[in-house]
Structure formats: C-alpha cells, structure tokens
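Written below as structure tokens is the structure these notes are about.
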Amino acid sequence: MSDLKEYINHVAYKVKNMFSLNDDLDKIIKSEYEKAFKILDKIIGYLIESKYKIKIKYMKLNSLNLDKIIKSEYEKAFKILNELGITEYIKRKYKIDDIEPKLEISEYYRFPGEYLDSKDKIILSKEPIKIWIDGQLDFLGYNKIKGYNKIKKLTVDIRLKDWKYEYPFIIGKFSKLSKNEIIFLKKLIEAIDKQLESLGYKEKNERTIDKLLKFLDYREIKSIDYLDRSYNSVFLYPFYNPFYINNRNIRKALAEAIIRSIMFHEIWHSIDLSILHKLYKDSTIKDRDYLLTILNNHDNHELRASAFEVVMYYLVNGFYKHKKGYIAAYVNIPICRNYIEKIDILEKNKYSKKRIPYDLGLCYGNIIIAKYKSSLKENIYEIIDDIIHLDKERAIDVIKRYGDNFK
Numbered sequence: 001m002s003d004l005k006e007y008i009n010h011v012a013y014k015v016k017n018m019f020s021l022n023d024d025l026d027k028i029i030k031s032e033y034e035k036a037f038k039i040l041d042k043i044i045g046y047l048i049e050s051k052y053k054i055k056i057k058y059m060k061l062n063s064l065n066l067d068k069i070i071k072s073e074y075e076k077a078f079k080i081l082n083e084l085g086i087t088e089y090i091k092r093k094y095k096i097d098d099i100e101p102k103l104e105i106s107e108y109y110r111f112p113g114e115y116l117d118s119k120d121k122i123i124l125s126k127e128p129i130k131i132w133i134d135g136q137l138d139f140l141g142y143n144k145i146k147g148y149n150k151i152k153k154l155t156v157d158i159r160l161k162d163w164k165y166e167y168p169f170i171i172g173k174f175s176k177l178s179k180n181e182i183i184f185l186k187k188l189i190e191a192i193d194k195q196l197e198s199l200g201y202k203e204k205n206e207r208t209i210d211k212l213l214k215f216l217d218y219r220e221i222k223s224i225d226y227l228d229r230s231y232n233s234v235f236l237y238p239f240y241n242p243f244y245i246n247n248r249n250i251r252k253a254l255a256e257a258i259i260r261s262i263m264f265h266e267i268w269h270s271i272d273l274s275i276l277h278k279l280y281k282d283s284t285i286k287d288r289d290y291l292l293t294i295l296n297n298h299d300n301h302e303l304r305a306s307a308f309e310v311v312m313y314y315l316v317n318g319f320y321k322h323k324k325g326y327i328a329a330y331v332n333i334p335i336c337r338n339y340i341e342k343i344d345i346l347e348k349n350k351y352s353k354k355r356i357p358y359d360l361g362l363c364y365g366n367i368i369i370a371k372y373k374s375s376l377k378e379n380i381y382e383i384i385d386d387i388i389h390l391d392k393e394r395a396i397d398v399i400k401r402y403g404d405n406f407k
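For what it's worth, my numbering labels the leading residue of the sequence shown as 1, then goes sequentially.
Spelled out as structure tokens, the structure:
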C-alpha cells in the first residue's frame, strides 16, 4: 500500500499539510464502511419516523397509469407538430397525404418503441419503459436506498482488487452472489486524485466543462436534473425534477419525459418512410437521388430520428428558452467530440456498433440546440430541412467542427 501513499503524495502538493496517510488504505476503507452504516441507520430512522416515511409517493411505480400517459403524450406530440406547422410543411414539400400513424400500446415488446411501416403504426411497450424509468432513477440517485436492509443483514467483507472492472466508472461494487463482499478497485486511486484536484491540491489546466460553465455564467438551479440518454457514452438530457417544484410523483414525470422522447423518435421514422415512399413515385422532388441514397441506409434512419427527438424534447419542454435549460447541450459537446474519436473502436464490437447511429443522432441534435439556443422555435423549418438531408458522414463532420470551438 506504500505505492498508493507515494502516488497520492506525488499528485497532491499540499496533501502532507492537510492530512497524512499513516494508516494504509485498507484501514481507511474499513473505517469509512463502519461510518457509512452508522449514518445510514440515522437516515433510515428519520425516514421511517418523518412525515415522508419509507413509502415515499414518488417511489411508487405501481401507481403509474402508463396507458394514460402514453395516450396523452401521443396526442400532445401531434398537437405540437401541428401548432408549429411541421407536419404541414413536410406534407406540402414532399407531397405526402398524411402523417399521423396509429398508436398501439403493448405490455411487452422487444423495444420501448417502434414504428411499423407496413401497418403505419407506432408501438410503445410498457415493460421496457418501466425498466428505463428505473434506470434513470438509479442515475438520479433515487434508488440508492433500495436494498439497504438486505445488505446490512449480511456479513460483508471488504477487499481491494487490482483487476480492471468492465465498467470504467465503477470504484466499488457490492457482490452478493459470490462471497458477500464489497470490492473496492484500484480506480479508487483515480477518484482520490480527482477529489484532490477539485479541492485545489494539484495544479491543472482549466477543464473544458469549467470554461463552458463560466462562459454561460451558469448558476445551479435545483429544479433541473439531468438524465442519461446515451448508449455507448454519457449524454445528458435536462429534466425538470418535480420533487423540487411541487413534490409530484417523480416516476410519473420520468415516464412522461421518456415516453415523449420515444414518441417523437418513432414519429420521425414515419416521416422518413413517408418521404421515401413518395420519392420512389415522384421523380420531380428536389434532391431526390441524394435523399434516396441516404434513406435507403437504415442507420441513417436512427440517426435522423434521434436528432429530431432531441430537438422536439427541448422545444416541448421549453429548455431552449434560457441558459439554465440548454446548458446540457454545451456540456455534451466535449462528450460528443470524444465519442467521435472512439467510433472506430466501437464499430469493432457488434453490440456497440448497433447503437452508434442513435448516439450520433443525439449528438447532432445537441449541436442544433447549441447552435440555435433560444431561437430554436423560430428556425424550426430550417432545422427540419437540415435533418431531412442528414446522413452519418455529415453528422460526424459537423460534430467534429463544432467541437473545435470548445478546445
């Protein structure tokens, strides 16, 4: 463990004056483990005795009426598309008779949402949506209390491991299935390093994100949290947390946000395929050959639908109107730039490769938000034309070039 102490002393110039690591890291971990459960005892006791109790309203999933939420979001989606003139604009420009697929709600389907071209129908599946909601609750930190009593009743050992865990951001992991132990990885060293840097104990150039936040004169607002929408990376979606506003059911608010995103994604698929069918029949449509080329590539469909999803999510929720809403778009820029740099690696894995078009679309939609900001709504027709002519090559090029502004 002496190597660890030497490493920490090396990276933190002031660490010796602040504290010394006379105890080895094993003792520190065990000590913090004991302290953690003492604190949790108090928290659990407070929750049980307080007015919130342990059955907090926003933690109840069974109270969700997903059928009602899905139907409501379906109606709202087409209402806003009509109000903005998007459907009429596309119908007029590409000579399409109608853009309003039917809706089907399924208990369990292979995807949270899918557009079936043969039946002109959007299917939304409740079970995958519930799983998605739980995942976002975990990301927001609301499920951390879950399973506490079960863990506490076990005899838990603690040890430090050298091997690299498959998820690069995991520092510690509870393993019940193997030996009832909490494993702390060597990634802990990096975490200590980052904490020391944040406290000013190591000189470091200003991070890209710090520049962005300073540029925007950002001030934290408690009503906004951030969801993770990406597949192979981390892509932040702003989210109005109702708990800070009026103590509404946070699961319901998450369900609405998630279903809203899915709905606009699938609606764009219906738009894309309606345009494609018309292109086959009408040779007079402008840019016909180019559009046929990109629309006959399925990956471009997911790319474009994801970009449209981001744009409409910001529009419907009003996040484009002020800095504290579209701050996430700026935060995502360096994330998306780094993503582009590792695409070659991701494409070698058949599973991650399938998700690349989705992530690229999210990043491209993010660029649109960062570009237009509060003028998003007034430029919506230009944005629609942009997405209609979007393909993978152009998406990558735009993300790379836009990222140059934030080096």
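Glycine is no exception: its CB is placed at the ideal position from the N, C-alpha and C atoms.
In three-state DSSP terms, what is residue i?
| i | result |
| --- | --- |
| Leu160 | For Leu160, the pLDDT reaches just 44, beneath the cut-off of 50, and the residue's location in the model is therefore unreliable, although a value from the coordinates is still provided. Leu160 falls in the strand class under three-state DSSP. |
| Lys392 | helix |
| Leu227 | strand |
| Asp217 | Residue placement at Asp217 is flagged as unreliable, the pLDDT there being 45, under the threshold of 50; the coordinate-derived value follows with that caveat. If DSSP states are grouped into helix, strand and coil, Asp217 belongs with coil. |
| Gly318 | coil |
| Leu84 | coil |
| Lys286 | coil |
| Asp97 | coil |
| Leu64 | coil |
| Lys348 | coil |
| Lys91 | helix |
| Tyr108 | coil |
| Ser233 | coil |
| Lys400 | helix |
| Leu376 | coil |
| Lys342 | coil |
| Asn249 | coil |
| Asn296 | coil |
| Asn205 | With a pLDDT of only 45 at Asn205, under the threshold of 50, the placement of this residue in the model should not be trusted; the figure read from the coordinates follows. The answer is coil: DSSP assigns Asn205 none of H, G, I, E or B. |
| Phe184 | Summary for Phe184: the model assigns pLDDT 47, below 50, so the residue's position carries little reliability; its value from the coordinates is reported in the next sentence. Strand at Phe184. |
Write down the C-beta distance between residue i and residue j rounded to the nearest angstrom, noting that I regard them as a contact closer than 8 Å.
| i | j | result |
| --- | --- | --- |
| Ile99 | Ile90 | 6 Å |
| Phe422 | Glu302 | This structure cannot settle anything about residue 422, because the visible part of the chain is limited to 1 through 407. |
| Ile96 | Ser274 | 5 Å |
| Arg408 | Leu360 | Since the first and last residues shown for the chain are 1 and 407, residue 408 lies out of range. |
| Tyr402 | Ile285 | With 8 Å as the limit, Tyr402 and Ile285 do not qualify as a contact, their Cβ atoms being about 29 Å apart. |
| Ile224 | Lys324 | 6 Å |
| Phe364 | Val398 | Note on residue identity: the sequence assigns Tyr, not Phe, to residue 364. About 7 Å; that satisfies the 8 Å criterion. |
| Leu376 | Tyr320 | 4 Å |
| Glu73 | Glu256 | 6 Å |
| Arg304 | Asp272 | 6 Å |
Tell me, which residues are paired with residue i by DSSP?
| i | result |
| --- | --- |
| Lys102 | Lys121 |
| Leu116 | Lys121 |
| Tyr330 | The partner list for Tyr330 (beta bridge, DSSP) is empty, contrary to what the question assumes. |
| Pro357 | Pro357 is not bridged to any residue. |
| Phe239 | Asp225 |
Report buried or exposed for residue i, applying the criterion of at least 16 other Cβ atoms within 10 angstroms of its Cβ.
| i | result |
| --- | --- |
| Phe111 | exposed |
| Lys79 | exposed |
| Ile131 | exposed |
| Arg251 | buried |
| Asn232 | buried |
| Lys126 | buried |
| Ile39 | exposed |
| Asn332 | buried |
| Tyr290 | exposed |
| Asn379 | exposed |
| Tyr351 | exposed |
Within 8 Å of any Cβ in chain D, is that where the Cβ of residue i sits?
| i | result |
| --- | --- |
| Arg394 | The chain inventory of the structure shown lacks chain D, comprising one protein chain alone. |
Relative to the C-alpha of residue i, which candidate in the options has its C-alpha closest?
| i | options | result |
| --- | --- | --- |
| Pro238 | His269, Ala329, Trp268 | Ala329 |
| Ile70 | Val311, Asn232, Ile262 | Ile262 |
| Leu103 | Ile96, Tyr381, Asp117, Asp97 | Asp117 |
| Pro357 | Ala370, Cys336, Ser374 | Cys336 |
| Ile367 | Lys353, Asn82, Lys126, Pro334 | Pro334 |
| Glu114 | Arg288, Ala36, Ser270, Ile380 | Ser270 |
| Asn296 | Asp391, Leu137, Val398 | Asp391 |
| Ile123 | Val398, Tyr109, Gly135, Ile399 | Tyr109 |
| Lys121 | Asn65, Asp225, Lys27, Ile267 | Ile267 |
| Ile258 | Leu137, Glu88, His389 | Leu137 |
| Met312 | Ala77, Glu34, Phe235, His389 | Ala77 |
| Lys68 | Lys281, Leu236, Tyr226, Arg260 | Arg260 |
| Ile369 | Leu254, Ile224, Asp386 | Asp386 |
| Ile129 | Glu88, Leu140, Asn65 | Asn65 |
| Glu341 | Lys400, Leu279, Glu32 | Lys400 |
| Tyr314 | Ile343, Pro101, Tyr240 | Tyr240 |
With respect to 7 Å, is the separation between the Cβ of residue i and the closest non-hydrogen atom of the ligand GTP below this value?
| i | result |
| --- | --- |
| Lys278 | Summarising the ligand content, the structure contains no ligands, and the ligand GTP is consequently not present. |
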